[in-house]
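**Q** Numbering (my numbering), first residue to last: 110 to 387. One structure, pasted below without further comment.
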């Protein structure tokens, strides 16, 4: 399968190859934003000023929910209904959508990262005995969570380049507090900013890795039907990330009203951008 992937990839030329490179670079950028979170945590002078982060996380949730339900889900439904007929196509679309949610829910169930220490908690209460271990396990948990997220970002950028920028920005903002949650405990345990940044960076690298692994598996069987299923899956993944991670984290880092305002702003900006590019 790996050989088939590289043979097919080598046959790509010109604009087609550029699309793959663009999609991978966008996914790489989104994943490496965990490093931004690490730098903010390690070098920011006032790390308790998190109102803007709360607003930004809410904004990201609004962008991802709107683009998932209005654009990506609809494209998946149209593609699958054309290929399979209206009734069967809609059933497969809905099944894949909730399948994406179920996949992340199972990851959360068996590899939870909800108890990962956030920046504020770490600053208030530092227990050095298990901090390094906590940071490493947090990095592993976040890395595993980022695998399907990377595939979702890659497929969106590959199939719908016009949606790539807002989606990648939303994912990147989502990854910033993840970088914080990895770097803070490791820094307090080791007093090494280099180690803290390194492990935070590694947790983000799994995002482009997820894109490569997923696409290597899918490329030999890729078709419009497979793309439709994957887009419905991606839509479910993005909605789940928004309601399970982005909005709760936005609320945690600031006032409830800030996260709601951010979400509404994100939806409005996404709606306006889609209307302008019709």
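The beta-carbon is built from N, C-alpha and C at its ideal position, and this holds for glycine as well. Everything numeric in this text was worked out from a predicted model, so none of it was measured.
Mind checking which residues open and close the alpha helix (DSSP H) that includes residue 287?
**A** Position 178 of the chain shown, counting from 1, holds the residue named residue 287. Run containing residue 287: 270-299, per the alpha helix (DSSP H) assignment.
**Q** Considering Cα atoms alone, identify which of 332, 315 and 128 is closest to residue 248.
**A** For the purposes of this step, residue 248 is identified with residue 139 of the chain shown, where counting begins at 1. The option with the nearest alpha carbon to residue 248 is 315.
**Q** Report the rounded CA-to-CA distance for residue 382 versus residue 289, giving the unit in angstroms.
**A** Translated into positions along the chain shown, residue 382 becomes position 273. Translated into positions along the chain shown, residue 289 becomes position 180. A direct Cα-to-Cα measurement between residue 382 and residue 289 gives close to 30 Å.
**Q** When the Cα atoms are used, what is the spatial distance from residue 295 to residue 253?
**A** For the purposes of this step, residue 295 is taken as residue 186 along the chain shown, with counting starting at 1. For the purposes of this step, residue 253 is taken as residue 144 along the chain shown, with counting starting at 1. Cα to Cα, the separation comes out at about 19 Å.
**Q** Below 8 Å, can you find three or more Cβ-Cβ pairs linking the stretch 161-180 to the stretch 330-340?
**A** no
**Q** According to the neighbour-count rule (16 or more other Cβ atoms, all chains shown, within 10 Å of its Cβ), is residue 331 buried or exposed?
**A** Here residue 331 is taken as the residue at index 222 of the chain shown, counted from 1. Exposed: under 16 other Cβ atoms inside 10 Å.
**Q** Taking 6 Å as the limit between beta carbons, can you name the residues of its chain near residue 355, skipping five residues before and five after?
**A** The residue given as residue 355 occupies position 246 in the chain shown. Result list for residue 355: 166, 169, 170 and 283, in chain order.
**Q** Would you kindly report the start and end of the unbroken alpha helix (DSSP H) that includes residue 197?
**A** As a first step, residue 197 must be located in the chain shown, where it is residue number 88. Looking at the DSSP string, the run of the alpha helix (DSSP H) that includes residue 197 is 195-219.
**Q** Please report the distance separating the alpha-carbon of residue 378 from that of residue 183.
**A** As a first step, residue 378 must be located in the chain shown, where it is residue number 269. As a first step, residue 183 must be located in the chain shown, where it is residue number 74. Each residue's Cα considered, the two are about 19 Å apart.
**Q** Going by C-alpha to C-alpha distance, which of 297, 135, 175 and 360 sits closest to residue 286?
**A** What you label residue 286 is simply residue 177 of the chain shown in a count that begins at 1. It is 360 whose Cα lies nearest to the Cα of residue 286.
**Q** Taking the straight line between their C-alpha atoms, what separation do you get for residue 270 and residue 278?
**A** As a working note, residue 270 is residue 161 in the chain shown. As a working note, residue 278 is residue 169 in the chain shown. The C-alpha of residue 270 lies about 13 Å from the C-alpha of residue 278.
**Q** Going by C-alpha to C-alpha distance, which of 204, 342, 258 and 268 sits closest to residue 320?
**A** As a first step, residue 320 is located in the chain shown; it is residue number 211 there, counting from the start. Residue 258 is the option with its Cα nearest to residue 320.
**Q** In chain order, what residues of the same chain have a beta carbon less than 7 Å from the beta carbon of residue 135, not counting five sequence neighbours either side?
**A** For this step, residue 135 is matched to residue 26 along the chain shown. Residues of the same chain with a CB within less than 7 Å of the CB of residue 135, apart from the 5 flanking positions on each side, are 262, 266, 273 and 277 in chain order.
**Q** For residue 375, which option in 177, 145 and 152 has the closest C-alpha, if you only look at C-alpha atoms?
**A** The count along the chain shown starts at 1 and reaches residue 375 at position 266. Measuring from the Cα of residue 375, the nearest candidate turns out to be 177.
**Q** Answer with buried or exposed for residue 197, where buried requires no fewer than 16 other C-beta atoms within 10 angstroms of its C-beta.
**A** For this step, residue 197 is matched to residue 88 along the chain shown. In the assembly as shown, residue 197 is an exposed residue. Its beta-carbon has fewer than 16 other beta-carbons within 10 Å.
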